[in-house]
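Taking it in order: structure first as structure tokens, then the write-up.
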Amino acid sequence: MIQAAEQQKPELDLTDLAERNDERIPLKDVIALAEKVTAALKPLVRSLDRSMHQELREILGAIEGLRSELSRVDANDIFAKRIPEMGRELGAIVKATEVATDTIMNVAEQVLAADKSDPEKYAAEVEQHMMAIFEACSFQDLTGQRVTKIIHTMEVIEQRIEVLCRMIENNNIAPVSTGEMSEREKRNREKLVSGPAHEGEGVSQSDIDAMF
Amino acid sequence: MALDRSMRILIVDDYTTMLRILRNLLKQLGFENVDEARDGHEAAQLTARAKYDLIISDWNMEPMTGYELLRHVRADATNAHVPFIMITAESATENVIAAKRAGVNNYIIKPFTTEVLFAKMQAVFEKQMAG
Numbered sequence: 001m002i003q004a005a006e007q008q009k010p011e012l013d014l015t016d017l018a019e020r021n022d023e024r025i026p027l028k029d030v031i032a033l034a035e036k037v038t039a040a041l042k043p044l045v046r047s048l049d050r051s052m053h054q055e056l057r058e059i060l061g062a063i064e065g066l067r068s069e070l071s072r073v074d075a076n077d078i079f080a081k082r083i084p085e086m087g088r089e090l091g092a093i094v095k096a097t098e099v100a101t102d103t104i105m106n107v108a109e110q111v112l113a114a115d116k117s118d119p120e121k122y123a124a125e126v127e128q129h130m131m132a133i134f135e136a137c138s139f140q141d142l143t144g145q146r147v148t149k150i151i152h153t154m155e156v157i158e159q160r161i162e163v164l165c166r167m168i169e170n171n172n173i174a175p176v177s178t179g180e181m182s183e184r185e186k187r188n189r190e191k192l193v194s195g196p197a198h199e200g201e202g203v204s205q206s207d208i209d210a211m212f
Numbered sequence: 213m214a215l216d217r218s219m220r221i222l223i224v225d226d227y228t229t230m231l232r233i234l235r236n237l238l239k240q241l242g243f244e245n246v247d248e249a250r251d252g253h254e255a256a257q258l259t260a261r262a263k264y265d266l267i268i269s270d271w272n273m274e275p276m277t278g279y280e281l282l283r284h285v286r287a288d289a290t291n292a293h294v295p296f297i298m299i300t301a302e303s304a305t306e307n308v309i310a311a312k313r314a315g316v317n318n319y320i321i322k323p324f325t326t327e328v329l330f331a332k333m334q335a336v337f338e339k340q341m342a343g
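These protein sequence lines map, in sequence, to chains U and W.
Note that the numbering used here gives residue 202 to position 202 of the first sequence, counting from 1, and the numbers run on in steps of one.
Take the position in the second sequence, starting the count at 1, then add 212; the result is the number in the numbering used here.
Encoded structure:
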């Protein structure tokens, strides 16, 4: 029906409709015009479709690449296994050093309090206590092994963080640093608490002596 | 007051091991009248109840630090002149300056020896006698 109308009438365009100055434009004219517009836009839509398709494929490729690299980070393994394990190792180190210190101090106190009136008996007692100190010092071997395990875990986490850093660099993601301090850091700053200094850092006892 | 072996000393540290070490070192030096507190707050309560001749305190403790204890003691008229020695791992210049300004009498960096502890105690009381 529309085709028949097109054959009877000259082709319509927007200028024709505007010039008519008639609010009652027949529906068939509107449909005919819409079909013309659609036909004119088809090549443009096709080219947009092709370029969008291409871009979507590239985005998909990038997402797949990120997914593959993220799977290498294995955050679940870090948070569910490695970090809790490090916490357990550190706890065991604290406990072992505490037990050893307690044993050594007990022995030292017993030696100091020992009866010195009988030199032979005193020497035997001291010797026995010294053996207890040697035994207690074996904590160093165990804590050394635990520290080695922690260092290994830290290396694994470091490697994975490196993967994340490379991803960030490759994808031009600007690092976001809030610079915000944790509650503990704020407390320490307020109370002038920074903990023991490393060798060669901080003020020496002789510097302090000079100040006093 | 001169350094006297019968003087009453308050030692403050959150590590029981450190308290034990200090107590033993002081005992070896002849000082046996020693009380203990595990943080600044506990020490402040003890100083409110008893008169001490010397306070030896760590810095890093919770909830009240040794520095806060020092300021608390210096603000209290009855304890304002009690000799106060800080024994701490905090060796930043700003810490030493802050402690000196707050009225600390001497400052010892951990780890320390019995000789250093005794030398500082002697220095504090000699200075008090001279002053």
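For every residue, glycine included, the Cβ atom is placed at its ideal position computed from N, Cα and C.
Here the structure is a predicted model, which is why all the values come from computation and not from measurement.
When T277(W), K263(W) and A301(W) are compared, the shortest CA-CA separation from H293(W) is found for K263(W).
Under the criterion of beta carbons closer than 8 Å, F296(W) and S269(W) qualify as touching, at roughly 7 Å.
Taking a Cβ-Cβ threshold of 7 Å, the residues of chain W close to S194(U) are E302 and A304, in chain order. Per DSSP, E302(W) lies in no beta strand (DSSP E) segment and is marked neither H nor E. Exposed is the label assigned to E190(U), since fewer than 16 other Cβ atoms lie within 10 Å of its Cβ. For V316(W), there is no enclosing alpha helix (DSSP H), as DSSP marks it with neither H nor E.
At a cut-off of 7 Å between beta carbons, I267(W) makes no contact with chain U. For the pair D102(U) and M230(W), the Cα-to-Cα distance works out to about 11 Å. G252(W) is positioned such that its CB atom lies no closer than 7 Å to that of L222(W). Annotation: V193(U) is outside any alpha helix (DSSP H) and is labelled neither H nor E by DSSP. L192(U) and E306(W) do touch by the CB rule: their CB atoms are close to 6 Å apart, below 8 Å. Put simply, the CB of V294(W) is far from chain U, with every gap to its CB atoms at 7 Å or more. Residues of chain U whose Cβ lies closer than 8 Å to the Cβ of Y279(W) are, in chain order, K191 and L192. I299(W) is the residue among G343(W), A311(W), I299(W) and A304(W) whose C-alpha sits nearest the C-alpha of F324(W).
Put simply, of N170(U), A32(U) and D141(U) the residue whose alpha carbon is nearest the alpha carbon of A100(U) is D141(U). Counting only the Cα atoms, N188(U) lies some 9 Å from N272(W). For the region 90 to 106 of chain U, the beta-carbon criterion of a distance under 8 Å to any beta-carbon of chain W is satisfied by E98, T101, D102 and M105.
If you check the CB distance, D265(W) and R220(W) come in under 7 Å.
In chain order, E98, T101, D102 and M105 make up the part of chain U whose C-beta sits under 8 Å from the C-beta of T229(W). I93(U) is a Cβ neighbour of R146(U), given a cutoff of 7 Å. With respect to F337(W), L241(W) sits apart: the two C-beta atoms are not nearer than 7 Å. When the alpha-carbon of A75(U) is set against those of E169(U), V156(U), S182(U) and L60(U), the nearest one is in V156(U). In the structure shown, the three-state DSSP call for I267(W) is strand. Secondary structure of F134(U) (DSSP, three-state): helix. Listed along the chain, the chain W residues whose CB falls inside 7 Å of the CB of G200(U) amount to none; the nearest CB is some 11 Å away.
Looking from the CA of M154(U), the closest CA among P26(U), L90(U) and D29(U) belongs to L90(U). The beta carbon of K322(W) sits closer than 7 Å to those of I299, T300 and A301, all from its chain and outside the five residues before and after it, given in chain order. In chain W, no part has a C-beta under 8 Å from the C-beta of F134(U); the shortest such distance is about 20 Å. Taking 7 Å as the threshold, the shortest C-beta distance from V126(U) to chain W does not fall below it.
Each of D209(U), E135(U), A210(U) and K149(U) was checked against the Cα of M86(U), and the nearest Cα belongs to K149(U).
In the displayed model, I25(U) falls within coil according to three-state DSSP, outside both helix and strand.
Your pair V246(W) and R261(W) does not check out as a contact, with CB atoms roughly 16 Å apart and the cut at 8 Å.
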